Amino acid sequence: MNEMNVPRPNNLDAYWMPFSDNRYFKSNPRLLARAEGMFYHTADGQEILDGTAGLWCCNAGHGRREIKEAIQQQAAILDYAPTFQLGHPIAFEAAARIAELTPEGMDRIFFTNSGSESADTALKIALAYHRARGESSRVRLIGRERGYHGVGFGGMSVGGIGGNRKQFGALLPYVDHLPHTHGIEANLFARGLPEHGAERADALEALVALHGAETIAAVMVEPVAGSTGVLVPPRGYLERLRAICDKHGILLIFDEVITGFGRIGTNFGAERLGVTPDIMTMAKGLTNAAVPMGAVAVKNAVYDAVVDNAPAGIELFHGYTYSGHPLAAAAAIATMELHRAEDLPGRARAIEPLWQEATHSLKGLPNVVDIRDFGLIAGIELAPRPGKPGQRGTEVFRRCFDKGVLVRVTGDIIALSPPLIIEKPHVDRLYGTLADAIRAEA
Ligand code: PLP
């Protein structure tokens, strides 16, 4: 399609944009009109290299024909059918395909429509699990500072981002937080998993001592925290967390909304990091973001405890009108088929050394105080301007965009997470443009 034919809204007022500076945007709109492969195209016809896979979600690249056709075909067969006390074949097929990718013994899949819903669903399943086993005092949920689990009340409460919480009052009671894992002093410019900081997991023992294990239902963490600036887990940290959870009968939930579907070179982060949770959330890459969909995978024992212990009838009083939506299920199956046929996790692994080299080549540029990477994720931390946190990051974002490269900023940290189909020329252009933008900040 020619950009000239793209309809342009002449009134931007009605849309209250999410997580946005509405006032700035509406006076300086940046409209993405179409996308293909590694690129967006703006309504003005500018080509933008996608350094963020949208919002960490278009892992197979944009505009994939196979996904588009699967959605079109499914729309012609069955637009919608309820999944409460009924079913339609493609939702079962999608669940079975996901279960082929999840760690062994995590074969039960609950469908949602987003990462936020997956987070809340995971927390509710954890509560229902303990209650079903007669441990209804286990109601406390443990998250982590700087964790992001979406914007529902559960995920927001367990999440550890002050900015996302303080507008909204008291949130859920019975929530506590572990310290974050960002040991910047000890792990400065670490490549891959940082060496120092596994002992930060021991804070869970302190919370157990404080609250009593018999009050704690679950711990939820991202294997690699993305939204708060790419915090890679110290070597051994997740293993320790797993061991402490096992010791005290606490469920471990991994929020794999970002790390799922090849982002760190394996189907899920659990596989690459060698630690299996009890419950795992996913979304984003599941459908390549072509149709909203999320899911929660649980260990079979968790499903069995909830389902087998329930009286006859509905076992879990939870679900969404669109759980397992046919179009989303079709998109998910087509996406997983692409991942298999093109070995996208393998592609990510193959280009990871080049990605790491390029990422760390930014060391020494003005204001760059730390660099982190893992899989096809990178975080470049800039020193904030005195008294103006976030401003430097925003300037770098705008400068990159104007030069045709999309990066993401969280405060003064630049986070990169390209589609897994990225190739060397894209890497060179992405980092060349970013380096210029950082230099221009000096
Ligand atoms: N969990 C994690 C780890 C995420 O990164 C995100 C989104 O970035 C979410 C949950 C929320 O997902 P959604 O925006 O689809 O609700």
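Residue numbers (my numbering): 77 to 518. We put the beta carbon where it would ideally sit given N, CA and C, even for glycine. It should be emphasised that the depicted structure is a prediction, and the values quoted were computed from it without experimental measurement.
Which one or two residues does DSSP pair with residue i in a beta bridge?
{"i": "Glu-169", "result": "Paired residues: none, contrary to the question."}
{"i": "Asp-252", "result": "Ile-218"}
{"i": "Lys-464", "result": "Arg-461"}
{"i": "Ile-498", "result": "Bridge partners of Ile-498: none, in fact."}
{"i": "Met-358", "result": "Ala-371"}
{"i": "Val-383", "result": "DSSP output for Val-383 lists no bridge partner at all."}
{"i": "Phe-330", "result": "Val-297 and Met-356"}
{"i": "Leu-482", "result": "Asp-126"}
{"i": "Arg-110", "result": "His-117"}
{"i": "Val-306", "result": "In DSSP, Val-306 forms no bridge with anything."}
{"i": "His-138", "result": "Gly-113"}
{"i": "Phe-187", "result": "Ala-371"}
{"i": "Ile-453", "result": "Phe-450"}
{"i": "Ile-490", "result": "Ile-456 and Val-485"}
{"i": "Val-444", "result": "Leu-458"}
Tell me the rounded alpha-carbon separation between residue i and residue j.
{"i": "Leu-177", "j": "Ala-516", "result": "44 angstroms"}
{"i": "Met-77", "j": "Gly-400", "result": "Interpretation of Met-77 is limited by its pLDDT of 46, a score under 50 that renders its predicted location unreliable; the figure taken from the coordinates is listed afterwards. Roughly 32 angstroms separates the two Cα atoms."}
{"i": "Gly-239", "j": "Thr-304", "result": "11 angstroms"}
{"i": "Leu-247", "j": "Ile-334", "result": "24 angstroms"}
{"i": "Leu-307", "j": "Gly-210", "result": "36 angstroms"}
{"i": "Ala-171", "j": "Ile-185", "result": "6 angstroms"}
{"i": "Lys-144", "j": "Glu-298", "result": "30 angstroms"}
{"i": "Trp-132", "j": "Gly-455", "result": "13 angstroms"}
{"i": "Gly-127", "j": "Gly-302", "result": "14 angstroms"}
{"i": "Ala-151", "j": "Gly-345", "result": "32 angstroms"}
{"i": "Glu-180", "j": "Glu-142", "result": "28 angstroms"}
{"i": "Gly-228", "j": "Ile-427", "result": "35 angstroms"}
{"i": "Ser-212", "j": "Phe-393", "result": "16 angstroms"}
{"i": "Arg-173", "j": "Ser-437", "result": "39 angstroms"}
{"i": "Glu-499", "j": "Leu-125", "result": "12 angstroms"}
{"i": "Ala-208", "j": "Gly-325", "result": "14 angstroms"}
{"i": "Leu-492", "j": "Ala-371", "result": "24 angstroms"}
{"i": "Thr-257", "j": "Ala-359", "result": "24 angstroms"}
{"i": "Trp-92", "j": "Gly-288", "result": "43 angstroms"}
{"i": "Gln-122", "j": "Ser-192", "result": "32 angstroms"}
{"i": "Ser-194", "j": "Thr-357", "result": "6 angstroms"}
{"i": "Arg-267", "j": "Val-351", "result": "20 angstroms"}
{"i": "Asp-354", "j": "Phe-101", "result": "41 angstroms"}
{"i": "His-502", "j": "Leu-203", "result": "45 angstroms"}
{"i": "His-272", "j": "Gly-259", "result": "7 angstroms"}
{"i": "Ile-409", "j": "Phe-187", "result": "13 angstroms"}
{"i": "Arg-461", "j": "Ser-233", "result": "30 angstroms"}
{"i": "Gln-243", "j": "Met-369", "result": "27 angstroms"}
{"i": "Tyr-116", "j": "Arg-140", "result": "13 angstroms"}
{"i": "Gln-148", "j": "Gly-113", "result": "19 angstroms"}
{"i": "Leu-154", "j": "Pro-255", "result": "47 angstroms"}
Using a threshold of 9 angstroms, state whether the C-beta atoms of residue i and residue j are closer than that.
{"i": "Val-382", "j": "Ile-201", "result": "yes"}
{"i": "Thr-509", "j": "Cys-476", "result": "yes"}
{"i": "Asp-338", "j": "Gly-312", "result": "As written in the sequence, residue 338 is Gly, which differs from the Asp given in the question. No."}
{"i": "Ala-404", "j": "Asn-135", "result": "no"}
{"i": "Gly-531", "j": "Gly-463", "result": "With the chain covering only 77 through 518, there is no way to say anything about residue 531."}
{"i": "Asp-196", "j": "Ile-218", "result": "no"}
{"i": "Leu-506", "j": "Pro-495", "result": "no"}
{"i": "Gly-245", "j": "Leu-199", "result": "no"}
{"i": "Ile-166", "j": "Ala-511", "result": "no"}
{"i": "Val-215", "j": "Thr-291", "result": "yes"}
{"i": "Leu-108", "j": "Pro-85", "result": "no"}
{"i": "Tyr-224", "j": "Asp-331", "result": "yes"}
{"i": "Glu-221", "j": "Ala-274", "result": "no"}
{"i": "Ala-388", "j": "Ile-320", "result": "no"}
{"i": "Leu-317", "j": "Val-295", "result": "yes"}
{"i": "Ala-513", "j": "Glu-457", "result": "no"}
{"i": "Glu-413", "j": "Ile-497", "result": "no"}
{"i": "His-519", "j": "Leu-283", "result": "One cannot answer for residue 519 here, as it falls past the ends of the chain, which runs 77 to 518."}
{"i": "Ala-459", "j": "Val-481", "result": "no"}
{"i": "Gly-226", "j": "Gly-236", "result": "no"}
When the Cα of residue i is compared with those of the options, which residue comes out closest?
{"i": "Pro-442", "options": "Ala-319, Glu-418 and Arg-468", "result": "Arg-468"}
{"i": "Ile-390", "options": "Gly-139, Gln-161 and Leu-154", "result": "Gln-161"}
{"i": "Phe-95", "options": "Pro-270, Leu-492, Gly-121 and Arg-241", "result": "Arg-241"}
{"i": "Ala-111", "options": "His-164, Gly-130 and Ser-103", "result": "Gly-130"}
{"i": "Lys-375", "options": "Ile-329, His-164, Phe-168 and Met-182", "result": "Met-182"}
{"i": "Glu-347", "options": "Lys-323, Phe-101 and Pro-421", "result": "Pro-421"}
{"i": "Glu-433", "options": "Asp-504, Ala-408, Glu-271 and Arg-99", "result": "Asp-504"}
{"i": "Thr-159", "options": "Pro-249, Ala-279, Pro-402 and Arg-461", "result": "Pro-402"}
{"i": "Tyr-250", "options": "Arg-423, Ala-293, Ala-386 and Ala-410", "result": "Ala-293"}
{"i": "Ala-424", "options": "Gly-163, His-164 and Gly-137", "result": "Gly-137"}
{"i": "Ile-490", "options": "Arg-474, Asp-478 and Lys-479", "result": "Arg-474"}
{"i": "Asp-478", "options": "Lys-323, Asn-263, Asn-98 and Pro-105", "result": "Pro-105"}
Do the segment 446 to 453 and the segment 339 to 358 touch if we need at least three Cβ pairs shorter than 8 angstroms? yes
Practice prompt. Specify whether the segment 417 to 432 and the segment 373 to 382 touch according to this definition: at least 3 beta carbon pairs, one from each stretch, less than 8 angstroms apart.
Written response: no
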